[in-house]
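Residues -21 to -1, 1 to 195 in mature numbering (1 follows the signal peptide of the UniProt record, and there is no 0) are what the sequence shown spells out, letter by letter.
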Amino acid sequence: MLLSWCLLVGSTAVVLKAVEAVLANVLASRKGTPKPPEGPGEMRPMVDPWDPSPRDGFLTWDDYFMALAFLSAQRSKDPNRQVGACIVNQENVILGIGYNGFPRGCSDHQLPWAKKSRCGDPLGTKYPYVVHAEANAILNKNAASVSGAKIYVTLFPCNECAKLIIQAGIKEVVFHEDKAEGRAVDPTYSASKQMLKMVGVKLRQHSPGKTVTLRL
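The following block contains the structure:
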């Protein structure tokens, strides 16, 4: 009986030591891993409440408006290419936002999103139906005019959007990606650049200087 009790105590001690070792390993693996912030308040660094200086690291206007263009692009149902646009005036007030999609009232499920048709029918592709982001931003403007404004786009405008930009009086195009850059000559974008430069619209490529993460 005494021997059985000793064996029981010994085996229990072994089990406890094993559990202790496992817990130690778990705690060691978790140590140094910061808890993810649960809200904006936990992300704020400690600052001197008497320091009159503005904080560093805020978004520039270019980064801010380009980020809005990228955020707008996330509304697009296009599985292949999501494009966003944001129009602002000279006082950096937003006048219009848009993304590529079908016309208002047209079903996203009844019209095709394909880039190519298996039977070669153009009506089996998205191209006859899609309204581009730049066009939607101009059409959705919240002001009487966007003349003299600036448009931020995630993709360089095609020739059809260039026509609308010129007719609307927009004076600057800030783009993130040039689809035709480094490729064979594409008449669609060659014509766009030719027209925009001809009327004096400023073209400027901008890549955001920092990563913006949204926790929704």
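Just so it is clear, CB atoms sit at the ideal spot from N, CA and C, and this is done for glycine as well.
- Task: Please report how far the alpha carbon of residue 176 lies from the alpha carbon of residue 142, in whole angstroms.
- Result: 12 Å
- Start and end of the alpha helix (DSSP H) containing residue 64? Looking at the DSSP string, residue 64 is not in any alpha helix (DSSP H); the run it does join, the beta strand (DSSP E), is 63 to 67.
- Task: Spell out whether any CB of chain C is found under 9 Å from the CB atom of residue 82.
- Result: Here chain C cannot be found, since the structure has a single protein chain.
- Query: Among the residues of its own chain, which have a CB less than 6 Å from the CB of residue 159, if the five just before and after it don't count?
  - Reply: 165 and 168
- Task: Measure from the alpha carbon of residue 36 to the alpha carbon of each residue in 126, 170 and 188, then state which is nearest.
- Result: 188
- Query: Taking the continuous beta strand (DSSP E) assigned at residue 195, which residues delimit it?
  - Reply: Residue 195 -> no beta strand (DSSP E), and no H or E assigned at all.
- Query: For residue 109, which of 83, 96 and 131 has the nearest alpha-carbon?
  - Reply: 83
- Within its chain, find whatever has a CB closer than 6 Å to the CB of residue 103; leave out the 5 residues flanking it on each side and keep chain order. 91 and 96
- For residue 181, collect the residues of the same chain with a Cβ closer than 8 Å to its Cβ; drop the 5 residues on either side in sequence, then sort them by chain order. 150, 151 and 152
- Message: Within 10 Å of its beta-carbon, does residue 51 have 16 or more other beta-carbons around it, so buried, or fewer, so exposed?
- Response: buried
- Task: Please name the residue, chosen from 132, 144, 54 and 26, that lies closest to residue 183 on a Cα-to-Cα basis.
- Result: 132
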